[in-house]
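Notes for the one structure printed next.
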Amino acid sequence: MPRLAIALLGAAALQESALAADTLDIGVLKNEDISVVQKMLYPKHERSEFGVHLGIIPFDGYVVSPNVQLSYDRHGSDSLAISVILGGGYGFKNGVTKQLESPTFGVAPYAYRYLGSALAGVQWSPIYAKLNWNGARVIHFDVYGAGRAGAAIEQSVFPDGTLAFGPTLSPALGARMWLGEKTTLRTELRDDVILERRALTQTWNLKQNANVQVGLTFFSAAPPPRQ
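Our numbering runs 24 ahead of the 1-based position in the sequence shown.
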């Protein structure tokens with residue numbers, strides 16, 4: 025019996041030593057040690073991202089403009105990318121415009137519809153996060169801001185259909201949610217500020233197009249780890 029007790033105590037001591045060896049106590053993490061716990065499951069650095077997005081410009085007082093946007097982003101790091109967006113669409117008169125043009129009022133508002141745009145700039149993604157969804161799934165997402173510039177083309181809703189071209193500044197705020205290693209669901213709110221020359225009045229006018237977009241993006245393969 026004494027030998028059995030000694031053997032059991034020895035086995036328990038060996039098990040505790042093994043468990044202690046498997047546990048690494050790194051102490052209290054400091055702010056500068058955040059990289060220890062912030063390993064990204066879906067890194068973006070040195071990857072290209074292609075996207076197709078459906079958008080709508082819902083806040084124009086006279087015209088509603090559905091559109092399609094094609095995006096390309098080249099990620100130099102996990103937080104910074106070169107961003108290009110090409111878009112096209114069309115604007116339809118809303119209820120306000122149709123009411124103003126009715127026999128009751130007989131007034132045609134001087135409005136312009138979105139036809140297309142080409143924008144380029146930078147995208148900054150300072151936030152990468154993980155969300156526990158109902159205890160069944162972990163969702164990975166990031167939040168980004170973008171600043172782009174380029175040009176846009178619009179068309180008058182008057183029967184003459186005159187065109188207006190203008191330089192464009194386009195700040196944006198968006199987020200992407202990973203559906204897999206190479207696919208994301210991306211949403212973006214973009215505000216195109218256009219300085220356009222209008223033929224009828226021969227004046228320069230500032231026009232804002234707040235575009236709400238939702239689409240899918242596809243990443244190129246991750247680069248091999250550096251030796």
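Ideal Cβ positions, reconstructed from N, Cα and C, are used throughout, including at glycine. Bear in mind that the values here come from a model prediction, so they are computed numbers and not experimental data.
Worksheet entry | Secondary structure, beta strand (DSSP E): runs of 3+ residues fully inside the stretch 64-122 | Correct list: 71-81, 87-99 and 104-113.
Worksheet item: Taking Cβ positions, are A175 and P191 nearer each other than 7 Å?
Response: Taking a C-beta distance under 7 Å as the contact criterion, A175 and P191 qualify as a contact pair.
Fill in: Length of the line joining the Cα atoms of W148 and S103
Their Cα atoms are separated by approximately 5 Å.
Practice prompt. Determine the extent of the beta strand (DSSP E) in which Y134 is found, giving its start and end residues.
Written response: Y134: not part of any beta strand (DSSP E); DSSP gives it neither H nor E.
Item to complete: Go ahead and pull the three-state DSSP assignment for A45.
Response: Note that A45 has pLDDT 49, beneath the 50 cutoff, so the model's placement of it is unreliable and the number below is only indicative. In the structure shown, A45 sits in a helix (DSSP, three-state: H, G or I).
Discussion item. Which same chain residues end up closer than 6 Å to V131 when comparing Cβ atoms and leaving out the 5 residues on each side of it in sequence?
Written reply: For V131, where only same-chain residues beyond five positions count, the Cβ hits under 6 Å are L124.
Worksheet item: When the Cβ atoms of the stretch 149-168 are set against those of the stretch 133-140, are three or more pairs found closer than 8 Å?
Response: With the cut-off at 8 Å, the stretch 149-168 and the stretch 133-140 do not touch.
Worksheet entry | Boundaries of the beta strand (DSSP E) in which P248 is found, first to last residue | Unbroken run through P248: none, as it is neither H nor E.
Fill in: Where E205 sits in the DSSP three-state scheme
It is coil, neither helix nor strand.
Worksheet item: Less than 7 Å separating the beta-carbons of N91 and G75?
Response: No.
Worksheet item: Taking the alpha-carbon positions, what's the P183 to G159 distance?
Response: Cα to Cα, the separation comes out at about 57 Å.
Fill in: Three-way DSSP call (helix, strand, coil) for L143 in this model
Here L143 carries a strand assignment [DSSP, helix/strand/coil].
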